[in-house]
Amino acid sequence: MAHRKTKGGATVSFRRYLFSTNHRVIGVQYLVLALVSVTIGTLLSLLMRIHLVWPDYIVPFHGPILPEDYLALVTIHGTIMLFFVLTTAPQSGFGNLILPSQIGARRMAFPVANAISFWLTATALLILLSSTFVPGGSAISGWTAYPPFSAIASAGPGQGFGMDMWLASIAVFAIAGTIGAINTLVTIIKLRCEGMTWDRIPLTVWGWFTAALLSVIAFSVLLAALLLLFCDRHAGTSFFVPTGDLVNGVIHAAGHPGNGSPLLWLHLFWFFGHPEVYIAILPGMGLTSMLLANFSRRRVFAYRMMIFTTLLIGFLGILLWGHHMFVAGLNPYAASAFAVSTMAIAIPASAKVLSWLVTVWRSRPRYTTAMLFSLGFVSLFITGGLTGPVLAQPILDEYLHNTFFVVAHFHLIMAMAGIFGLFAATYYWFPLMSGRFMSERLGRLHFWTTIVGAYATFLPMHLTGLMGEPRHYAQLIGVPNAAGHLLAGTLPLNRFITWSAIFLATAQLLFFANLIHSLYRGKIAPPNPWQATTLEWHPALHPNAPFETSDGRIVVYRQPCEYLATAGEELILPQWRSDGIPNIKPE
Amino acid sequence: MPTTITPTSTEPKPRRHLEDHDHGSGRRPPTDKRTGGGGDNDNWNDRPNGRRGPRERLVRYRMGIFFALASDLMFFVAIVSTFFVSQNTGHFDAYNNYVNEWSPTLIPPILWLNTVVLILSSITMETARRRMFHEVDVMDEWLGLGKPITRAAIPWVAATVVLGIVFLIGQWIAWTQLAVQHVFFLSNPSSHFFYLITGVHGIHLILGIFGLVAALIGLYASHSLETRQIMVDCASWYWHSMGLFWLFLFTLLVFFQ
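Chains as they are written, first to last, in our numbering: chain A, 3 to 589; chain S, 1305 to 1561.
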């Protein structure tokens, strides 16, 4: 068995390390899983982009991309990115790594459940990836798995066993996500250290808290929907399959009696699916607030209001799933209600943007890479968010819904802003993980290339969307008549988007280089290298801390992000006692 | 590797701490008598996080089970919403007639008996749960004067297990009775739901019975009183919720089809 010597001289076996119940180890495990996933997901998206503009391209070891392959790419790209990157990395990864320290807890509430949750997530990923190798290949119904396409095995390649594996994967993931969320909630509620009152909790923790609440509410609904879909597929029920449904020229009447409604799936799915996007973005919002304040040496503007808006976004996030269904045939009155609730979410979201801008406004921020990525987050959040109220209006959505305009909207706000939050988190917390800094020079280069790449890739998609380019179309060339003419018209712009996407993906090599380089050669970081005020930088929690950390006492005295500027000299007031004496109880 | 990507320790330290008055022969009395200080090491606020009161661990686990049950409630809510949607959905046939195929599934009378059994099991479980916190007995156990709590609780938990199994057998009988009338899972949209709801609830009860058996084993085997309390307490909250869910689902099946 592989053994590793730690600094203290203790021997930790590989197995104990792998199946550790330590929250920080589990956090790193989640992050590694997300990194693997995001790499796969990005490569898949590149294949899609390449196929769109060079349809004749032969993929090595595969051959030409057939329309069904394209749909499989769409499905696995979406599923991996949504579940295994945007849910896993901020909520489970950084949540486990940082959350307990940030509230002064030594561990998560249920360490064993935490490990179980991680291994279930890993199992889910494995199931999803192995669905590529079953007859028919991966599922092709998109990450939303709309029936009747997904409910009938003969609907297309991959809709047989591949789809079953997709369902199994997501079911396992939903269970893992729920366990993780329960753990997060109980940790935050019960394990806060002395003095860590609710209004002193860092906004990051509020983000994790709200996202965990959403997970607890939404994931089980998804699980129920998956169960019903599974019954439709294998038990012959018809919850989602309409009467006399015609798929591939075959009427599916005999196998599925009854009046199934595909819309029902949409309701159940989006009741989960919409909160899901807030699960992805809320931790990033919280982190951005903290980072902007820290690097600007300002308080977070309207701290309590930020807590309130976080919760309000979470609450509204549950109520507005119907805006995904405007074009699916919703009762017009229902559409109005969903339109109003969707537009209402612009209010807390704008309040957040206001707070971010006011926090930084006329301060003299230190433009570290983490700060740059936070500002990037704000920028992308505004750009992507502006099209939210546009799409929230049923009448506009009618035209835009199944076009690349929507793709642009959610990639900017969820994918790009979400990823920028993750990058900010990585650069910011790297010293906490490894005791070293990441290279600032490489980091800055990474930031500028990434933000240019992000905008160059996703802004023009608004235009192709407005020109009428539909989503999920495998090919833009070869379509007859006026529609084909229209699609062909988007080709130049699409070529530009593809080149930008390749540029954006290549730029991420800088990140990998930085990560590996800094892990071995990075500048050694002192405790609290950013002069942060939140508790995860407490000297006792530093990975190279000389202190006994297992039973020290941590007390919180004030809100996070409090600074004093006196006569040109800035004074940082960390949440713990700042007189230089570590709050560690002597043995 | 030249760097630590993790903390200095990967495994938690053994949980015993002298300042927590844990000398290996038991901890502070397991009743919450906060004094807020009064001498060396007697300040409750000095306790490390998560161990500031005797019931800290219990409350944490209880909260965990409550959130899990909230999540589970949403699961059933989703299925019940589907129930109502399906009930009110129809289609137009070839002659343009609106057809709603829903025909209510007749509930086998044995389910009433089952419901009574489940309520009874909830009562036995609650009795067991309360026994676990009977203060005089808690003190007795803590002082090492036998295991009065365990002795008192085991029969009640065992009774709950038996009643739970009786309920499941009753459900099985109900299914066979329906099968005799040729009402199967696939017969009708409403029978989908009858089988689905009773089936899913039954699976939950099977999980609950596993939990109860685990609690029984724990009652017998665990040295820590707190662990025993937690196991019975969590199993019983789960069991009560399944009882409540059943009442809700049963009402739905009987009166709202």
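Each residue gets a CB set at the ideal place from its N, CA and C atoms; glycine is no exception.
Remember, predicted model here, so these are calculated numbers, not experimental data.
Counting C-beta pairs closer than 8 Å gives fewer than three between the segment 296-309 of chain A and the segment 259-275 of chain A, which falls short of the contact rule.
Residues of the same chain with a CB within less than 7 Å of the CB of S/Val-1517, apart from the 5 flanking positions on each side, are Val-1465 in chain order. The continuous alpha helix (DSSP H) containing A/Leu-434 extends over residues 419-436. In this structure, the CA atom of S/Ile-1423 is about 9 Å from the CA atom of S/Leu-1548. By the criterion of a C-beta distance shorter than 7 Å, S/Asp-1537 is surrounded in its chain by Leu-1362, Arg-1366, Arg-1433, Met-1436, once the five residues flanking it on both sides are discounted. Approximately 6 Å separates the beta-carbon atoms of A/Thr-536 and A/Met-292; this is inside 8 Å, confirming the contact.
Against chain A, the CB of S/His-1486 has no partner CB under 8 Å away; the residue lies outside that interface. Contact between A/Ala-346 and A/Gln-395 is ruled out by a C-beta separation of about 13 Å, above the 8 Å threshold. Excluding the 5 residues flanking it on each side, A/Leu-48 has same chain C-beta neighbours closer than 8 Å at Ala-503, Ile-504, Ala-507, in chain order. For the segment 1370-1384 of chain S, the beta-carbon criterion of a distance under 7 Å to any beta-carbon of chain A is satisfied by Phe-1371, Ala-1372, Ala-1374, Ser-1375, Asp-1376, Met-1378, Phe-1379, Ala-1382, Ile-1383.
Listed along the chain, the chain S residues whose CB falls inside 8 Å of the CB of A/Phe-151 amount to none; the nearest CB is some 19 Å away.
Distance between A/Val-557 and A/Ala-176, taken at the CA atoms: about 36 Å. Per DSSP, the beta-bridge partners of A/Glu-564 are A/Leu-575.
The Cβ atoms of A/Pro-66 and A/Ile-479 do not sit closer than 8 Å to each other. Along the segment 179-192 of chain A, going in chain order, the ones with a CB nearer than 7 Å to a CB of chain S are Thr-180, Ile-184, Leu-187, Val-188, Ile-191, Lys-192. A/Ile-60 sits in a strand when the DSSP states are folded into three classes. Contact of A/Phe-85 with chain S is not assigned, every C-beta pair being separated by 8 Å or more. Interface with chain S (8 Å Cβ-Cβ cutoff): A/Thr-536 is excluded. The continuous alpha helix (DSSP H) containing S/Asp-1441 extends over residues 1439-1447.
The Cβ of A/Gly-238 sits closer than 8 Å to at least one Cβ of chain S. The straight-line gap separating the alpha-carbon atoms of A/Ile-203 and A/Pro-113 is approximately 22 Å. Between A/Gly-386 and A/Ser-441, the beta carbon gap of about 29 Å keeps them out of contact (Cβ cut-off 8 Å). DSSP, reduced to helix, strand and coil, places A/Glu-538 within a helical segment of the structure shown.
Residues of chain S whose Cβ lies closer than 7 Å to the Cβ of A/Leu-266 are, in chain order, Thr-1386, Val-1389. Partner residues in the beta bridge of A/Thr-405, as assigned by DSSP, are A/Pro-472. Straight-line measurement puts the Cα of A/Leu-73 at about 7 Å from the Cα of A/Gly-144. Listed along chain S, the residues sitting closer than 7 Å to A/Leu-225 by beta-carbon distance are Phe-1379. Chain-ordered, the chain A residues with CB closer than 7 Å to the CB of S/Thr-1393 read Asn-261, Ser-263.
Contact between the segment 485-505 of chain A and the segment 453-460 of chain A is present: 3 or more CB-CB pairs across the two stretches fall below 8 Å. If you draw a straight line from the Cα of A/Ser-352 to the Cα of A/Gly-286, it is about 15 Å long.
S/Ile-1513 has its alpha-carbon roughly 8 Å from the corresponding atom of S/Ile-1469. Taking 8 Å as the CB threshold, A/Ile-154 stays off the interface with chain S. Of the other Cβ atoms in all chains shown, 16 or more fall within 10 Å of the Cβ of A/Trp-272; this residue is therefore buried.
Beta-bridge partners assigned by DSSP to A/Pro-66: A/Ile-60. When secondary structure is reduced to three states using DSSP, S/Glu-1405 falls in the coil class, being assigned neither helix nor strand. Three or more pairs of CB atoms, one per stretch, sit closer than 8 Å, so the segment 370-382 of chain A contacts the segment 418-425 of chain A.
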